[in-house]
Amino acid sequence: MNESELARALAESRSCVVLTGAGISAESGIPTFRDAQWGLWAEFDPGKLATPEAFARDPELVSRWYDERRLAVAGARPNAGHFALARIERFLEERGRRFLLVTQNVDRLHQRAGSRSVVELHGSLLDWRCSQCGAEREESGPAFPCYPPRCACGGARRPGVVWFGEMLPQDSVARAEGAVNDCDLFFSIGTSAEVFPAAGLIHRAVDLGARTVEINPQPTPVSRRVDLSIHEAAATALRRLADELEPRPTKY
Ligand code: OAD
17 MNESELARAL
27 AESRSCVVLT
37 GAGISAESGI
47 PTFRDAQWGL
57 WAEFDPGKLA
67 TPEAFARDPE
77 LVSRWYDERR
87 LAVAGARPNA
97 GHFALARIER
107 FLEERGRRFL
117 LVTQNVDRLH
127 QRAGSRSVVE
137 LHGSLLDWRC
147 SQCGAEREES
157 GPAFPCYPPR
167 CACGGARRPG
177 VVWFGEMLPQ
187 DSVARAEGAV
197 NDCDLFFSIG
207 TSAEVFPAAG
217 LIHRAVDLGA
227 RTVEINPQPT
237 PVSRRVDLSI
247 HEAAATALRR
257 LADELEPRPT
267 KY
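Here the sequence shown stands for residues 17 to 268, numbered as in the working numbering.
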């Protein structure tokens, strides 16, 4: 498959799965993790911030860091890549095709752009839950008054993201894997494809014979495995693809 055949493959797809990573939100101003210059893990040590042990050791530092990220995301806007995926989903759903967006991102920008069938593999920065009683609530307000924020039961509340060493939500994994087993077209967009089990979905799609496409300005470990690698920013490539699928009416 070459790029000019992609819009047709998408238009004819019976069941499409899209996996996204931090790169799709880069153009919304949200830092990725592994980019050498501006990736979060280039500046911060994940062992001190993104593990259950780190939270047990220093709940103030960890909760403050995640709350700063929550506020940064609340101030960001979905970009053309997020909106294009929502358009693609609508196009397919109106024609009775299946579509699932599986994201590793915790910023909820896909939902804000209008995507409806979304699986959050790594949880969300916006949902905070009590480490003692498990009570969970979405947070959309200003910074917490204290760190760590406290539950009514007195327990320390933590961000609802998946930390290193933790299990992914099993219902989300099952939904993602079920969709990949059944898909005929699979996209990997804006992910370094280095973190498993999420990256395993790409290999599963290739192994099961789906048509596979990667969109990433940089090569990744899966670039040679997929059928088509588009080395471009997600917003540019996805907007073009959505326009080819369903041209926007010209405004006079
Ligand atoms: P990474 O930071 O590992 O990779 C981001 C990818 O996005 C890189 O391959 C970039 O080349 C690419 N990229 C940068 N700008 C882009 C753009 N404008 N358009 C498209 N791609 C672009 O982020 P993830 O793959 O999402 O886990 O990382 C996976 C997981 O590792 C994250 O969910 C997080 C992290 O540790 C948890 O927090 C559990």
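Note that CB positions come from ideal geometry on N, CA and C, so glycine has one too.
It should be emphasised that the depicted structure is a prediction, and the values quoted were computed from it without experimental measurement.
Closer than 6 Å to some heavy atom of ligand 1: that does not describe the Cβ of arginine 30. Here proline 165 is not near proline 75, since their CB atoms are 7 Å or more apart. Residue state for phenylalanine 71 is assigned as helix, using DSSP reduced to three classes. Fewer than three Cβ pairs drawn from the stretch 137 to 154 and the stretch 95 to 114 lie within less than 8 Å of each other, which leaves the two stretches out of contact. Residue ranges of uninterrupted alpha helix (DSSP H) with 4 or more members, entirely inside the stretch 167 to 203 and ordered along the chain, are 186 to 198. Here the alpha carbon of aspartate 83 sits roughly 16 Å from the alpha carbon of serine 147. In chain order, Ala258 place their CB closer than 6 Å to the CB of arginine 103, counting only its own chain and leaving out the 5 sequence neighbours on each side. Boundaries of the beta strand (DSSP E) around leucine 117: 114 to 119. In terms of Cβ geometry, glycine 181 and threonine 67 form a close pair [threshold 7 Å]. Ranked by Cα distance from tryptophan 144, the options Ala58, Gly45, Val178 are led by Val178. Here the alpha carbon of phenylalanine 202 sits roughly 18 Å from the alpha carbon of glutamate 260. Classified as exposed, cysteine 169 has fewer than 16 neighbouring CB atoms from the shown chains inside 10 Å of its CB. In this chain, the beta strand (DSSP E) harbouring glutamate 230 covers 227 to 231.
Here aspartate 143 carries a strand assignment [DSSP, helix/strand/coil].
By the neighbour-count definition (other C-beta atoms within 10 Å, threshold 16), histidine 126 is a buried residue.
If you draw a straight line from the Cα of isoleucine 246 to the Cα of alanine 209, it comes to about 15 Å. Non-local beta-carbon contacts of serine 44 in its own chain, meaning distances under 7 Å to residues more than five positions away in sequence, involve Ala92, Arg93, Pro94, Asn95, Leu125 in chain order. The straight-line gap separating the alpha-carbon atoms of threonine 252 and glycine 97 is approximately 7 Å.
Between the beta-carbon of valine 33 and that of valine 118 there is about 6 Å, and that keeps the pair under the 8 Å contact cut. Secondary structure of serine 31 (DSSP, three-state): strand. Taking all protein chains in view, the Cβ of glycine 63 is surrounded by fewer than 16 other Cβ atoms within 10 Å, so the residue is classified as exposed.
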